[in-house]
Amino acid sequence: MSSLTRDLAAALRRSAVTAGADEPSVRGSDWRLATVATVGTNGTVTTADGIIARRLQSYTGPAVDDLIVITRSSAGSWLAAGKLESGNDSWTALTLAAGWAPQGNYYVPAYRLYSDGTAGLSGMAVLSGALASGTVVTTLPTVARPAAQVRFTAQVAIGFFGVMTILTNGQVQLGDFSGTLSPTGNKWAQFDVAARYRRLT
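Counting in the working numbering, the sequence shown runs from 6 upward without gaps.
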């Protein structure tokens, strides 16, 4: 075999390898990470590098800047499998306002973030003495604040109920009591009533 023939054969082999690496039917399926640039109205998302991928049914609530997993079939079609976990699975203790303390035998007041754009509160706090309507029990960090106010019914004293309101500035207030509260005795903030709410994302 002449030198020219060998060089030509080597060039053809390199060309075939390069073409195969770019051809899904040869390379097989693969997956990688991508960032969502636009969300279509037909069940697709377009990534920052221009790939149009169809969302799996489990990928709900897509949003621009989602970091997602996309996968390509051997036929070259792209699927958006879903976004990566962005929540914190651990509970983070809340800083209580002056006069409030964790109630013994209950969970320490804390918040938790979920990857579906929600958050939750847990635990109970106690205050000894008078409880005025509109009292702020704690202020949530920005990541756990709702986009709009949310309200929950909660027991605030023996025989009395009220409303726990989470404001958009993060303040957790108690008010709208079912009757006149005694100026003495224990009052409670039941954070478990806000086990799940939509947060600012």
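For glycine and all other residues, C-beta sits at the position ideal for the given N, C-alpha and C.
Beta carbon of residue i nearer than 8 Å to that of residue j
i, j, result
"Val177", "Thr123", "no"
"Gly73", "Gly87", "The amino acid at residue 73 is misidentified as Gly; the sequence shows Ile. Contact flag set, yes."
"Ala103", "Val50", "no"
"Thr46", "Asp70", "no"
"Val141", "Asn191", "no"
"Phe196", "Met129", "yes"
"Ala42", "Ala58", "no"
"Arg77", "Pro67", "no"
Exposure label - residue i; buried when at least 16 CB within 10 Å
i, result
"Pro114", "buried"
"Trp105", "buried"
"Arg204", "buried"
"Leu126", "buried"
"Leu136", "buried"
"Ile75", "buried"
"Leu89", "exposed"
"Leu101", "buried"
"Leu38", "exposed"
Cβ-based neighbour list, residue i, same chain, cut-off 7 Å, excluding 5 preceding and 5 following
i, result
"Pro151", "Ile171, Thr173, Tyr202, Arg203, Arg204, Leu205"
"Ser63", "Gly87"
"Gly48", "Arg59, Arg60"
"Tyr111", "Gly128, Met129"
Close beta carbons around residue i, own chain, < 8 Å, minus the five adjacent residues each side
i, result
"Ala159", "Phe166, Gly167, Val168, Met169, Leu179, Trp193, Ala194, Gln195, Val198"
"Gly175", "Thr144, Leu145, Pro146, Thr147, Ala149, Arg150"
"Gln154", "Thr170, Ile171, Leu172, Thr173"
"Pro107", "Leu101, Val113, Pro114, Gly128, Met129, Ala130, Val131"
"Trp36", "Val74, Ile75, Thr76, Arg77, Ala86"
Anticipated Cβ contact below 8 Å, residue i with residue j, distance rounded
i, j, result
"Pro188", "Gly139", "Contact doesn't hold; Cβ gap of about 16 Å is too wide."
Cβ neighbours of residue i in the same chain (closer than 6 Å, five flanking residues each side left out)
i, result
"Trp83", "Ile56, Ala58, Ile75, Arg77"
"Ala162", "Leu186, Lys192"
"Phe157", "Met169, Val198, Ala199"
"Arg117", "Trp96, Gly125"
"Val44", "Val50, Pro67"
beta-carbon residue i near the ligand FMN non-hydrogen atom, thresh 7 Å
i, result
"Ala194", "Judged by which ligands are present, the structure shown has none, so any question about the ligand FMN falls away."
Three or more C-beta pairs below 8 Å linking the stretch 130–146 and the stretch 93–105: Cβ pair count under 8 Å is three or more, so yes.
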